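Novice: So for the sequence shown, this note's numbering puts the first residue at 136; every next one is plus one.
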Amino acid sequence: DSPDGDQGFPGELKISVKYTLTKENAVDILYAVTSDRDTPVNMTNHAYFKLGGHASGSVLDTRIQILADSFTPTDADSIPTGEVLTVEGTPMDFRTPKTIGTDIGSDYIQIVQGKGFDHNWCLNHAPGVCGLAAMRIMASGRAMDVYTDLPGVQFYTGNWLGGEKGKDGASYEDRDAFCFETQMYPDSVNHPQFRRLLVKAGTAHVTRTSYRFYIGK
């Protein structure tokens, strides 16, 4: 329950999140929200993944593919500039599978500013359709596909983990995990050209994201 005025946003929000483990070995996440006033909403899931296991170290050898032709660049404070740029010819191009470490050491300004990948990719699938966003994210023979009906995904490579302590005393250093945070484009309330979600008073909005796990080849 988010009261009217919480963090400056209008309307009392009633939010529920349902997690389901499916027969297809997917973690299915269903978000539902209603409000008594029109209000912008952008919910996501910030889980970290390490397909090699919790103590497997760096994820730079993890191979990923993101089905997106463009991304939203950010300024030095990681705030979107309002532009939408093609990934063509840049280290942001994951349309063909490659390892996280392939270009993370690039001198491309977007990577330098964030100390790695921490950007929103503009997904290619049709709006509102639960489609494949990222696929065959692979490490140690394990694979994960990401499905969502949202238009964007924030790919973050754990650039600031800094030795966070975890399970069984494991130490999570920078780039020892990654996130795929499905979302509307960040800061869309301040960029009219971005796709945004405005939940109308008295109506329910439901969105879905699914992380499917399997043995990769």
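From the three backbone atoms N, C-alpha and C, an ideal C-beta is built for every residue, glycine too.
Keep in mind it's a predicted model, so treat the numbers as computed, not measured.
Which residues share a DSSP beta bridge with Arg343?
Specialist: Residue mapping note: residue 343 aligns to position 208 of the sequence shown, counting from 1. Bridge partners of Arg343: Leu165.
Novice: Can you give me the Cβ contacts of Thr216 inside the same chain, cut-off strictly under 6 Å, excluding the 5 residues immediately before and after it?
Specialist: For the purposes of this step, residue 216 is taken as the residue at position 81 of the sequence shown. These residues qualify, in order along the chain: Pro208 and Asp210.
Novice: Can you look up Asn177 in the DSSP assignment and give me helix, strand or coil?
Specialist: One-based indexing of the sequence shown puts residue 177 at position 42. Coil.
Novice: Helix, strand or coil: how does DSSP classify Ser151 here?
Specialist: As a position in the sequence shown, residue 151 is number 16, starting the count at 1. Strand.
Novice: Thinking Met279 and Arg343 are a contact (beta carbons under 8 Å), I'd like their distance in whole angstroms, please.
Specialist: The residue you call residue 279 lines up with position 144 of the sequence shown. The residue you call residue 343 lines up with position 208 of the sequence shown. That pair is no contact at about 16 Å.
Novice: So Leu195 and Ile235 are in contact, right, with Cβ under 8 Å, and what is the actual spacing, rounded?
Specialist: Position 60 of the sequence shown holds residue 195. Position 100 of the sequence shown holds residue 235. Sure, about 5 Å apart at Cβ, within 8 Å.
Novice: Taking buried to mean at least 16 other C-beta atoms within 10 Å of its own C-beta, is Trp256 buried or exposed?
Specialist: Residue mapping note: residue 256 aligns to position 121 of the sequence shown, counting from 1. Under this definition Trp256 is a buried residue.
Novice: What three-state label does DSSP hand Ile272 in the structure shown?
Specialist: In the sequence shown, counting from the first residue as 1, residue 272 sits at position 137. The answer is strand: DSSP assigns Ile272 an E or B state.
Novice: For a test of the three-state rule: what should DSSP assign to Val107, helix, strand or coil?
Specialist: As shown, the chain starts at 136 and ends at 352. That puts residue 107 outside it, with no answer to give.
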